[in-house]
Amino acid sequence: MKFRFFLALFTAVLFLTGCGDDEDKKSSDTPTEANTTQPQSETEAVIQVDYTAPFTLQLSNGKILNMQKTKQGFRIDNNSTVTLFAFFTPWCDACAVQVSALNAAKQAYSGKLDIIGVMIGDASLDDAKNYASAHEVNYAIAYGEGTDFFTKALGGINEVPYMAIYDEKGEFSAQYFGLMPEEILMTELEKIF
C-alpha cells in the first residue's frame, strides 16, 4: 500500500513538474516585441560627420584659410577681418555677373573686408585660376574638398549666387540669395561697417 502511495505521488509530481523548464523554454523561444526589437544604433551603422571639426580652404592665391564652425558662425583665421563668402558655380551666369559688384566691394573696403569666392563642386586650382582669369576676379577663390565640407557645415547651398558675411569675430552677420546689384551690395555693406 505504501508502495502504491509513493508510486502515485512520484507519478503526480513527475506529471506536474515534468523533466525541465519547458514553460521557460517556451517563453524564450517565442519571439516577443520586448526581446526582438533593438535600438536602431545596434542594427544599422550610421556615419555622421562632425561639422564642428577644424577644416581648411585652399585659396587660388596660394594661401590656406583655417576655419572651424562655432555656435555663432565660424572661427576664421584671417586677422580678424569681416569676411564675405561668395558661393558660385562655374556655369552660373548670374554668378559671373556678380563678380563686378564683388570686385567693387573689395576695392571700396580694402583692408576692412576680405572677399573669398567659394567654387562649389569638384574644382582644382587650375579651374579656380581659369575662372578668375575669364571673369577678371580680383579676390581669392576657394576650391577643392574644403569647399564641400564648408557648404555642408552651412547646411547646404541650394541656390547660387549665395553670399554669407561674418564679422571680425567670425559671427554670422548677413546672407544674400541670388544676384545682388552693386548699389544694393554697397548699401548692405555700409550697414555692417
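Going letter by letter, the sequence shown gives residues 1 to 193 in UniProt numbering.
Idealized CB from N, CA, C, for every residue including glycine.
Run through the DSSP bridge pairs and tell me what residue i is partnered with.
i, result
"Ile165", "Leu84 and Ala174"
"Asn66", "Thr56"
"Ala140", "Ile116"
"Gly73", "Glu171"
So, at 6 Å on beta carbons, what are the nonlocal neighbours of residue i in its own chain, with the 5 sequence-adjacent residues on each side left out?
i, result
"Asp114", "Asn78, Thr81 and Thr83"
"Val99", "His135 and Val137"
"Glu182", "Ala101 and Ala104"
For residue i and residue j, what's the separation of their Cα atoms in angstroms?
i, j, result
"Leu65", "Lys71", "19 Å"
"Ala140", "Thr43", "46 Å"
"Ser124", "Ala132", "12 Å"
"Met186", "Gln175", "14 Å"
"Gly73", "Asn130", "30 Å"
"Leu179", "Gly62", "28 Å"
"Ala164", "Leu102", "13 Å"
"Val160", "Cys92", "7 Å"
"Thr52", "Asp148", "14 Å"
"Asp167", "Lys152", "20 Å"
"Ile76", "Gln107", "21 Å"
Can you say whether residue i is buried or exposed, counting buried as having 16 or more other CB atoms within 10 angstroms of its CB?
i, result
"Ser110", "exposed"
"Ile157", "buried"
"Gly121", "exposed"
"Phe193", "exposed"
"Gly45", "The sequence given here has Ala at residue 45, not Gly. When all chains shown are included, Ala45 counts as exposed."
"Ile47", "exposed"
"Phe150", "buried"
"Ala86", "buried"
Tell me which same chain residues have a C-beta within less than 7 Å of the C-beta of residue i, skipping the five on either side of it?
i, result
"Lys26", "Model confidence at Lys26 stands at a pLDDT of 43, short of 50, so the residue's coordinates are unreliable; what they give is reported in the following sentence. The answer is none, since no qualifying residue turns up."
"residue 279", "Limits of the chain in this structure are 1 at one end and 193 at the other, which puts residue 279 out of reach."
"Ala96", "His135"
"Phe177", "Glu159 and Tyr162"
"Lys69", "Tyr51, Thr52 and Ala153"
"Ser60", "Leu125, Ala128, Lys129, Ala132, Ala140, Ile141 and Tyr143"
Would you verify that the beta carbon of residue i is, or is not, closer than 8 Å to some beta carbon of chain B?
i, result
"Gly146", "Annotation note: the requested chain B is absent from the structure, which comprises a single protein chain."
Sorted by chain position, which residues of the same chain lie with C-beta nearer than 8 Å to residue i's C-beta, five sequence neighbours on each side aside?
i, result
"Thr89", "Cys95, Met119, Ile120, Gly121 and Val160"
"Lys112", "Thr81, Val82 and Phe193"
Would you please state the rounded distance, in angstroms, between the beta carbons of residue i and residue j? I believe it to be under 8 Å.
i, j, result
"Gly117", "Ala142", "7 Å"
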